[in-house]
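The block underneath contains the structure these notes are about, expressed in structure tokens.
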């Protein structure tokens, strides 16, 4: 609601409790509450209204001070308009400055994000390559070690069987002394 459309300040029915009155200050409800006026209060209000109607106040003719007041009022309106224009231009300047800084920050942040992302991707690739190389080396070692172990075990088994048959000396190329 605009201020111009708001009701005048005064006592109105309380929106929270219809049995009481609440004071509207012209902008918002206050905490001041009271009961509705009694018949005596209403009668005194009616009598006062009749008295004011019978004795209407007639303002005096405008004097030079009144014209000065009107001139001052026009000056005040002009000052208010100048202040509004200055405030609007300041708000527009601040909005433009904020927009420029936001665009600059966006330009500054995007390379940082891509730079750190590229670094992270490089480290992940490096770690993956090292892991693959270590895995291949492990498998090669296992194959060589197992082949060597099985060959050694096979040689030992052959030596034991050859010794049992008496052919151990012959196969080794050394002849026994007779």
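Residue numbers (this note's numbering): 530 to 707. A virtual CB, placed ideally from N, CA and C, is assigned to each residue, including glycine.
Inset, instruction - Buried or exposed for residue 652, please, with buried defined as at least 16 other CB atoms from any protein chain shown within 10 angstroms of its CB. - result: Burial call: exposed.
Legend entry - Beta-ladder partner(s) of residue 552, from DSSP: Answer is 540.
Legend entry - Reference residue 548, options 565, 690, 663, closest by Cα: For the residues 565, 690, 663, the minimum Cα distance to residue 548 belongs to 565.
Legend entry - residue 681 burial status per 10 Å Cβ neighbour count (16 or more: buried): By the beta-carbon neighbour count (other beta carbons within 10 angstroms, threshold 16), residue 681 is exposed.
Legend entry - Check whether residue 540 and residue 553 have beta carbons under 9 angstroms apart: With respect to the 9 angstroms criterion, residue 540 and residue 553 are classified as neighbours on the basis of their beta carbons.
Inset, instruction - Compare the beta carbon distance of residue 555 and residue 536 with 9 angstroms and say whether it is the shorter of the two. - result: Yes. Within cutoff.
Inset, instruction - Please classify residue 614: does DSSP put it in a helix, a strand, or coil? - result: Three-state DSSP puts residue 614 in a helix.
Inset, instruction - Check residue 632 in the structure and name its three-state DSSP category. - result: Here DSSP, grouped into helix, strand and coil, assigns residue 632 to helix.
Inset, instruction - Measure the C-alpha to C-alpha separation of residue 615 and residue 626 and round it to an integer number of angstroms. - result: Each residue's CA atom was taken as its position, placing residue 615 and residue 626 some 16 angstroms apart.
Inset, instruction - With DSSP as the reference, please indicate the residues paired to residue 749 in a beta bridge. - result: In the structure as shown, the chain begins at 530 and stops at 707. Residue 749 is therefore absent and cannot be evaluated.
Legend entry - residue 551 vs residue 561 beta-carbon contact at 9 angstroms: Against a cut-off of 9 angstroms, the Cβ pair of residue 561 and residue 551 comes out as a contact.
Legend entry - Per DSSP, cross-strand counterpart(s) of residue 563: In the DSSP output, where bridge partners are listed per residue, residue 563 has 550.
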